[in-house]
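Going left to right, the sequence shown walks through residues -26 to -1, 1 to 182 as mature numbering (1 follows the signal peptide of the UniProt record, and there is no 0) numbers them.
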Amino acid sequence: MDRRSPRAALPAALVSLLLAAAVAGAAAVPAARAPAAAFAVPPPTSPPGTGGDAPPGGGPPVRDAVWPVGPPRAPVVRGWEPPASAYGRGHRGVDLAAPPGTRVRAAAAGRVTFAGPVAGRGVLVVTLPAPPGAVPSRVTYEPVRAVVEAGAKVRAGQVVALTAADAASHCAGACLHWGLRRGDAYLDPLSILPRPPRRPPSRLLPLR
């Protein structure tokens, strides 16, 4: 049984829509230290082949990407569970064990496009660089208290937030919810981490 607080009982799809609206609103309002055009977030609907129909497993790894909690590496308490439909049940991210006040590091370099509350929960969004014409990926962290502002550039491994006092509002125990989106598609955030090197196939030596 999923033991979550009433505030955490909001449907994941509703929270997602609120987050998308908040990010879009933040992009539409000029930041005090940077022009809005410098970190505008694309509209939720993405053209075919640019993210909305991304494969369910995720995209290619991101150079220098790191685990957002640690070292030592925080264990996964709940993995990514892709929903069968846009509003179906599932788990649109990965939960990492993290008590309140734990430092959260940027999993990859990018620009902060949102830092604030969504449905009463602190959320941080970092948009990753993308080639011209491509839909960029957005990495999300919640529930957190951001220590960086919208418009700030961050590097992989930089401390960008602390897990909030209500870190247990999403999990049965305190955790960080780490998410990844490209356009309308939810992706497995673990997919941005570097892949381990492949070992060459073994060769059997002839018997002598």
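Heads up, the beta-carbon is just placed ideally off N, CA and C, and yes, glycines get one too. Values in this document were obtained by computation on a predicted structure and should not be read as measured data.
Residue i, DSSP secondary structure in three states
i: residue 254; result: Only positions -26 to 182 of the chain appear in this structure, which leaves residue 254 out of reach.
i: P91; result: strand
i: L167; result: coil
i: A135; result: strand
i: residue 220; result: Here the chain covers residues -26 to 182 and nothing more, so residue 220 does not appear.
i: H144; result: coil
i: V36; result: coil
i: G107; result: coil
i: L102; result: coil
i: A120; result: strand
i: R85; result: strand
i: R79; result: strand
i: P57; result: coil
Segment limits, beta strand (DSSP E) that includes residue i
i: Y115; result: S111 to E116
i: W41; result: Run containing W41: none; DSSP gives neither H nor E here.
i: A159; result: A159 to L161
i: R52; result: V50 to R52
i: H65; result: Premise fails: H65 is in no beta strand (DSSP E) and is neither H nor E.
i: R155; result: C149 to R156
Burial state of residue i, where buried means 16 or more other Cβ atoms lie within 10 Å
i: V133; result: exposed
i: R112; result: buried
i: R63; result: exposed
i: G147; result: exposed
i: residue 184; result: The requested residue 184 is not part of the displayed model; the chain covers only -26 to 182.
i: A138; result: buried
i: R85; result: buried
i: P91; result: exposed
Among the options, the one whose alpha carbon lies nearest that of residue i
i: A124; options: R66, V97 and P73; result: V97
i: H151; options: P35, D38 and A81; result: A81
i: T87; options: R95, T101, E116 and T76; result: T101
i: V68; options: P45, H144 and P35; result: H144
i: G44; options: H65, V50, P74 and V78; result: V78
i: P74; options: R85, R169, A135 and P91; result: A135
i: G94; options: R85, R119 and L70; result: R119
i: R155; options: R66, P42, V50 and L167; result: R66
i: E116; options: K127, R47 and P42; result: P42
i: G131; options: A83, P34 and L70; result: A83
i: G153; options: R129, V99, P168 and P170; result: V99
i: P49; options: C149, D38 and T114; result: C149
i: A129; options: D140, P46, A39 and P35; result: Correcting the residue type first, residue 129 is Arg in the shown sequence and not Ala. Considering only alpha carbons, the answer is A39.
i: A126; options: A89, T76 and L70; result: A89
The ligand GTP heavy atom lying under 7 Å from the CB of residue i
i: A139; result: Among the ligands in the structure shown, none appear at all, so the ligand GTP cannot be discussed.
*Using 8 Å as the Cβ pair cut-off and three pairs as the minimum, do the segment 54 to 68 and the segment 99 to 111 touch?*
Contact fails: fewer than three Cβ-Cβ distances are below 8 Å.
*Would you say the segment 149 to 165 touches the segment 44 to 57, given that touching needs at least three Cβ pairs under 8 Å?*
Remark: three or more beta-carbon pairs, one from each stretch, lie closer than 8 Å, so the segment 149 to 165 and the segment 44 to 57 are flagged as touching.
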